[in-house]
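Let me begin by presenting the structure, written as structure tokens, before commenting on it.
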Amino acid sequence: MPELPEVETTRRGIAPHCEGQVISAVTVRNPSLRWPVPSDLAERVSGKRIQSADRRAKYLLIHLEDGTLIIHLGMSGSLRVITDNAPPMTHDHIDLTLESGTVLRFNDPRRFGCWLWTDSVDRHPLIESLGPEPLSEAFNGELLFQRSRSKKTPIKNFIMDNHVVVGVGNIYANEALFKAGIHPRRQAGRISLDRYRRLAEAIRETLSAAILMGGTTLRDFVNSDGKPGYFAQVLLVYGKTGSPCTQCNTLLKEIRMNNRSTVYCPRCQR
DNA sequence: ATGGCCTCCTGGACGC
DNA sequence: TGCGTCCAGGAGGCCA
């Protein structure tokens with residue numbers, strides 16, 4: 001799935017097409033997503049003007065006059081801008097038709113994504129308890145240090161916890177820990193402030209670089225134009241088990257953590 | 001409260 | 001060519 005860079009890439013792709021537009025129709029072909037698509041979604045949003053296409057964590061927030069569409073792409077979702085009346089394909093579950101004729105089309109083979117509507121997004125249970133954005137001023141080494149005291153969970157699990165910091169998924173957790181030289185299994189509560197400063201910087205750098213390259217496409221991520229992202233070409237550890245470390249030539253090792261593939265350099269990461 | 005595990009679902013890769 | 005198995009970018013919810 002789309003991790004934060006892929007969601008941000010999607011947001012930037014759809015924003016110019018939908019901001020200021022009025023929604024003229026909603027077509028739900030399959031409401032069976034992670035949570036059922038609200039049966040009154042069409043009447044909630046039809047005729048409403050889109051104020052902005054925003055993002056919080058990996059949620060796309062389509063702000064309307066009187067509420068917000070909360071969209072998550074799950075593991076396999078994509079949102080594309082359709083301008084040529086192309087017919088819907090398999091797994092094209094939802095169309096948002098705009099007054100301009102442009103269609104925002106949601107495709108999600110695994111259906112782990114969601115489409116919800118709320119009139120108070122800041123108090124929505126999926127949104128209100130999220131940690132800071134990794135690219136904001138509020139996110140830094142001090143924050144990670146403070147929140148990690150007495151935590152026994154491994155550092156990789158810790159930085160993937162949305163209550164700590166949002167938007168760090170499996171690929172970028174692996175990459176950031178490698179850049180910061182921290183072993184993914186190290187206990188979060190036993191890492192120094194200094195090392196947390198390096199880690200916060202590594203997370204920030206990794207995510208920013210991925211956004212600049214349009215996200216990571218491993219199998220099937222496409223942006224709003226249906227194009228892949230290019231960050232996969234510069235991954236340092238994820239998907240590179242058995243390859244030599246770019247720093248020391250030691251062969252990269254793979255372990256499972258929470259059933260997610262975890263790749264690291266046994267020499268550089270302590 | 002904390003941490004770890006399961007689960008939702010489809011499809012692609014791989015081995016036999 | 002076909003079939004079974006495993007794996008995948010998330011993250012809420014449940015259980016100990």
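For what it's worth, full-length UniProt numbering labels the leading residue of the first sequence as 1, then goes sequentially.
Note that beta-carbon positions come from the ideal geometry of N, C-alpha and C, so glycine has one too.
Just so you know, these numbers come straight off a predicted model, no measurement behind them.
Give every residue of the same chain whose Cβ lies closer than 6 Å to the Cβ of residue i, excluding the five residues on either side of it in the sequence, and list them in chain order.
{"i": "residue 272", "result": "The structure shown does not extend to residue 272, since the chain spans only 1 to 270, so no value can be given for it."}
{"i": "Asp95", "result": "Thr27, Val103, Arg105"}
{"i": "Glu99", "result": "Gln21, Val22, Ser24"}
{"i": "Ala202", "result": "Ala176, Lys179, Ala180"}
{"i": "Arg267", "result": "Cys248, Thr250"}
Assuming residue i and residue j make a contact with CB atoms under 8 Å, what is their CB distance in whole Å?
{"i": "Tyr172", "j": "Thr206", "result": "5 Å"}
{"i": "Gly131", "j": "Val165", "result": "5 Å"}
{"i": "Gln269", "j": "Ile182", "result": "6 Å"}
Starting from the C-beta of residue i, find all residues in its chain whose C-beta is less than 7 Å away, skip the five residues before and the five after it, and write them out in chain order.
{"i": "Lys152", "result": "Gln187, Gly189"}
{"i": "Phe158", "result": "Ser148, Lys151, Val164, Ala188"}
{"i": "Glu8", "result": "Arg55, Ile211"}
Is residue i buried or exposed, if buried means 16 or more other CB atoms sit within 10 Å of its CB?
{"i": "Thr68", "result": "buried"}
{"i": "Met160", "result": "buried"}
{"i": "Asp108", "result": "buried"}
{"i": "Ala138", "result": "exposed"}
{"i": "Val121", "result": "buried"}
{"i": "Glu128", "result": "exposed"}
{"i": "Val234", "result": "exposed"}
When you compare the CB positions of residue i and residue j, do they come within less than 9 Å of one another, or not?
{"i": "Ser78", "j": "Asn223", "result": "yes"}
{"i": "Val237", "j": "Leu252", "result": "yes"}
{"i": "Leu193", "j": "Ala180", "result": "no"}
{"i": "Thr241", "j": "Glu3", "result": "no"}
Ordered along the chain, which non-local residues of its own chain (more than five positions away) have a Cβ less than 8 Å from that of residue i?
{"i": "Arg11", "result": "Ala53, Asp54, Arg55, Leu60"}
{"i": "residue 292", "result": "Nothing can be reported for residue 292: it is not among the residues displayed for the chain, which extend from 1 to 270."}
{"i": "Cys265", "result": "Phe178, Val237, Cys245, Gln247, Cys248, Thr250, Leu252, Lys253"}
Handout entry: Stretch-stretch touch, CB-based, cutoff 8 Å, three pairs: the region 42-53 with the region 251-261
Key = These segments do not touch.
Practice task
Report yes or no: do three or more beta-carbon pairs, one from the region 72-89 and one from the region 53-61, lie closer than 8 Å?
Solution key: By the Cβ criterion, the region 72-89 is in contact with the region 53-61, since at least three pairs of Cβ atoms, one from each stretch, lie closer than 8 Å.
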